[in-house]
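Read the structure below first, then the notes.
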Ligand SMILES: Cc1cc2nc3c(=O)[nH]c(=O)nc-3n(C[C@H](O)[C@H](O)[C@H](O)COP(=O)(O)OP(=O)(O)OC[C@H]3O[C@@H](n4cnc5c(N)ncnc54)[C@H](O)[C@@H]3O)c2cc1C
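In our numbering, the protein residues as written are 6 to 422.
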């Protein structure tokens, strides 16, 4: 399951295989003069999971990169700014995302191993399923085909292995032993710090919508600073519709999402790794994490919330949601029936019409790339999306149709989970 870069980009790219390899150089061995602060080869706007990893791969390939962000890397407003994100391989029949996740896991593990505090916890991921559930059966078939390590568990095995769960109607499951949890905010901030130490330029500033068409020479921040480059990547996550209102306001839909952290009894290890895995119940649109770094047991709905403005939206969960979540927790984990709520978070998904990512050129600018549409499942893919985007920029070939702007509809109809 150790998918290498070459295999990953080749199998993902529809049609053309890669020309030149962008993975020429390791961080820390940059050519003299990289960190001059003068014009860059590439300006990446947005230092979330997608932008930061794209900057990383472009820099690795020997290019001079400037990263700009309005609020700072993985700020409280960014989609990548949450405490934790799941990395799983299961995507039903959507092999493209299983392959991406496999490649991303290799890169996340390498990255985490470079840091003293783990950024990836191999908690395992448990996918809870019902009899004849097509998505879960398709996941099994994809795992068999691609060689993803997994265990199929029947109801009795689930009960034995995970006595802290009340399984309800779930009567089988798939356990991904190598998957787990990424510490999202810390990971992206560490990645940016690492890049800065090796020559990537970073500046804080809100980039204005580029005007005109043809070749973009520079971008300008609201503070009036201009940044020149040969290529520009706009990886603005849920802000993409604001930055490109004409193009994207009907194609990317930011929705309000809530997350809750509950506290187990003192000394109760049933809700921490290794006893408790990260888990998802797709049929019930709910997922959760064990207690990671003593922050509490996280649980959240994977159901699109209402429209949300990432700049001005307030990040306090609704009182009604707290009551609902308490009921869900009591039903799922009887021992947490009276568990205190330790923390809540409000974040936003940046959904495309069906959940496919957006990686494509801007139709009006020859040297501008649009990158986003993580749609509630993008974080895990960050390293692979960055690698793919860097390769596409450098080779100049066409993009995977599922990532193209042309396939982004104007009506939300989710099909990628
Ligand atoms: C509650 C929640 C749970 C999730 N769970 C998972 C999960 O378990 N697993 C998973 O894989 N994914 C998950 N996701 C999805 C994932 O977090 C996102 O898809 C991913 O983080 C998106 O990254 P991004 O870089 O595209 O966007 P962001 O992280 O939002 O980054 C965009 C950046 O662009 C900057 N920016 C915007 N406009 C401008 C401008 N004009 N000028 C300069 N900078 C600008 C912003 O400040 C921001 O830092 C979840 C998301 C949420 C909200």
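Backbone N, C-alpha and C define an ideal beta-carbon position, used for all residues, glycine too. Note that the structure is a prediction, hence the values are computed from the model and not measured.
Integer-rounded CB distance, given that residue j should sit under 8 Å from residue i
i	j	result
residue 493	residue 262	Examination of residue 493 is not possible in this model, given that the chain is present from 6 through 422 alone.
residue 357	residue 413	5 Å
residue 50	residue 56	7 Å
residue 192	residue 135	In fact, because the Cβ distance is near 33 Å, the residues do not count as touching under 8 Å.
residue 394	residue 364	5 Å
residue 360	residue 420	6 Å
residue 375	residue 239	6 Å
residue 151	residue 104	7 Å
residue 301	residue 268	5 Å
Of the residues the options, the one placed nearest residue i, counting alpha carbons only
i	options	result
residue 334	312, 295, 316	295
residue 266	89, 357, 356, 66	89
residue 387	80, 338, 74, 113	113
residue 156	228, 165, 233, 145	145
residue 118	252, 318, 153, 196	196
residue 409	382, 420, 367	367
residue 323	264, 234, 171, 401	264
residue 98	257, 147, 370	147
residue 272	256, 258, 299	299
residue 46	52, 369, 72	72
residue 149	95, 288, 319, 316	95
residue 370	236, 329, 330	236
residue 77	91, 100, 52, 59	52
For residue i, the first and last residue of its enclosing beta strand (DSSP E)
i	result
residue 415	Note, residue 415: premise wrong, no beta strand (DSSP E); not H, not E.
residue 350	346-356
residue 267	258-267
residue 423	Outside the displayed range of the chain (6 to 422) lies residue 423, so it cannot be described from this structure.
residue 104	Here residue 104 belongs to no beta strand (DSSP E); instead the alpha helix (DSSP H) covers 100-118.
residue 178	177-181
residue 292	291-294
residue 283	283-286
Helix, strand or coil at residue i [DSSP, three-state]
i	result
residue 239	strand
residue 324	helix
residue 50	strand
residue 308	coil
residue 422	coil
residue 134	strand
residue 126	strand
residue 247	helix
residue 226	strand
residue 370	strand
residue 71	strand
residue 87	coil
residue 27	Summary for residue 27: the model assigns pLDDT 36, below 50, so the residue's position carries little reliability, and this model does not support an answer.
residue 156	strand
residue 408	helix
residue 342	coil
residue 383	coil
residue 232	strand
residue 45	strand
residue 38	Residue confidence for residue 38 is low, a pLDDT of 28 falling below 50, so the modelled location carries little weight; the figure read from the coordinates is stated next. Of the three classes helix, strand and coil, the one that applies to residue 38 here is coil, per DSSP.
residue 402	coil
Host alpha helix (DSSP H) of residue i (start-end)
i	result
residue 192	189-202
residue 90	Residue 90 -> not in any alpha helix (DSSP H); beta strand (DSSP E) instead, spanning 90-92.
residue 147	139-151
Counting beta carbon pairs with one atom in the region 337-353 and one in the region 307-324, are three or more of them shorter than 8 Å?
A contact is defined here as three or more CB-CB pairs under 8 Å, and the region 307-324 meets this definition with respect to the region 337-353.
- Message: For the structure I just gave you, are there three or more beta carbon pairs, one from the region 173-189 and one from the region 127-147, closer than 8 Å?
- Response: Touching, yes.
*asked:* Taking 8 Å as the cut-off, does the region 187-202 touch the region 110-128 (at least 3 CB pairs, one atom from each stretch)?
replied: Output reads yes: the region 187-202 touches the region 110-128.
Sufficient close CB pairs (3 or more, under 8 Å) joining the region 76-89 to the region 237-251
Between the region 76-89 and the region 237-251 there are three or more inter-stretch CB-CB distances shorter than 8 Å, so the stretches are counted as touching.
Evaluate the contact criterion for the region 335-343 versus the region 195-203: three or more CB pairs, one atom per stretch, below 8 Å. By the Cβ criterion, the region 335-343 is not in contact with the region 195-203, since fewer than three pairs of Cβ atoms, one from each stretch, lie closer than 8 Å.
Q.
Assess contact between the region 103-111 and the region 65-76, defined as three or more Cβ pairs (one per stretch) separated by less than 8 Å. Is contact present?
A. No, because fewer than three Cβ pairs between the region 103-111 and the region 65-76 fall closer than 8 Å, the two stretches do not touch.
| task | Decide yes or no for the touch test of the region 225-238 against the region 207-216: beta carbon pairs closer than 8 Å, at least 3 of them. | result | Result yes; three or more Cβ-Cβ pairs closer than 8 Å.
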